[in-house]
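When we follow UniProt numbering, the leftmost residue of the sequence shown carries the number 1, and every step to the right adds one.
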Amino acid sequence: MWTSPASPSSTRTSRATPPILPAVEAFRKKILEADCVLFASPEYNYSIPAPLKNAIDWASRPPNVFADKPAAIVSAAGGSAGKRMQYHLRQVGVFLDIHFINKPEVFILAHQPPRKFDGDGNLIDPKTKERLRELLLSLRAFTHRLGPS
1 MWTSPASPSS TRTSRATPPI LPAVEAFRKK ILEADCVLFA SPEYNYSIPA PLKNAIDWAS
61 RPPNVFADKP AAIVSAAGGS AGKRMQYHLR QVGVFLDIHF INKPEVFILA HQPPRKFDGD
121 GNLIDPKTKE RLRELLLSLR AFTHRLGPS
């Protein structure tokens with residue numbers, strides 16, 4: 001059991017809103033000021049990794065800083081390439097009013113040839129780099145179509 005607050009729900013003992021830590025407020029401010037959000041994550045246990053879900057939960061405390069934000073997802077994992085994580089994140093995004101682009105979908109098979117990353121974690125695969133470029137261009141165009149959030 002954690003002895004420090006790990007998420008908004010773990011600090012709730014009543015209907016009172018838990019205090020927001022300065023680091024969390026800084027994170028929320030960055031999201032609020034961003035034109036769009038790119039989620040890049042592995043897949044853990046067929047779903048969203050706990051640290052990412054925790055960050056999303058903190059950022060969505062009233063007022064929800066994700067509301068009306070355009071966003072995209074890229075995942076890297078083993079056999080599934082993070083597909084299940086992306087689908088779960090999209091489900092969470094519905095409640096948070098995040099507007100995810102639908103295409104292109106970028107699922108990186110991190111452990112299959114050709115090598116995608118070097119020893120320092122840098123992306124080195126040209127095809128994957130091109131897919132990411134397409135994703136970012138699509139996110140930029142989508143963000144411009146939606147206008148300021």
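Yeah, the Cβ is synthetic: ideal placement off N, Cα and C, and Gly gets one too.
Report task. Locate the beta strand (DSSP E) running through PHE142, then write down its first and last residues. Result -> Element bounds for PHE142: not the beta strand (DSSP E) but the alpha helix (DSSP H), 126–146.
Query raised in the report: Does the beta-carbon of LEU135 have 16 or more other beta-carbons within 10 angstroms, so that it is buried, or is it exposed?
Result: buried
Query raised in the report: For ALA34, does the three-state DSSP call read helix, strand or coil?
Result: coil
Report task. Classify ARG28 as buried or exposed, calling it buried when 16 or more other Cβ atoms lie within 10 Å of its own Cβ. Result -> buried
**Report entry** Helix, strand or coil at VAL65 according to DSSP, with G and I counted as helix
**Finding:** coil
Report task. With a 10 Å radius around its C-beta and 16 neighbouring C-beta atoms as the bar for buried, classify THR17 as buried or exposed. Result -> exposed
Query raised in the report: Can you tell which of GLU25, ALA40 and ASP35 has the C-alpha that lies nearest to the C-alpha of ILE108?
Result: ALA40
Query raised in the report: What does a CB cutoff of less than 8 Å around ILE124 pick up in its chain, not counting 5 residues either side in sequence?
Result: ARG115, LYS116, PHE117 and ASP118
Query raised in the report: Does the Cβ of LYS30 have 16 or more other Cβ atoms within 10 Å, making it buried, or fewer, making it exposed?
Result: exposed
**Report entry** Beta-carbon contacts of THR143 that lie in its chain and below 8 Å, excluding the five residues immediately before and after
**Finding:** ASP35, CYS36 and PRO70
Query raised in the report: Alpha carbon to alpha carbon, how far is GLU43 from ALA77?
Result: 6 Å
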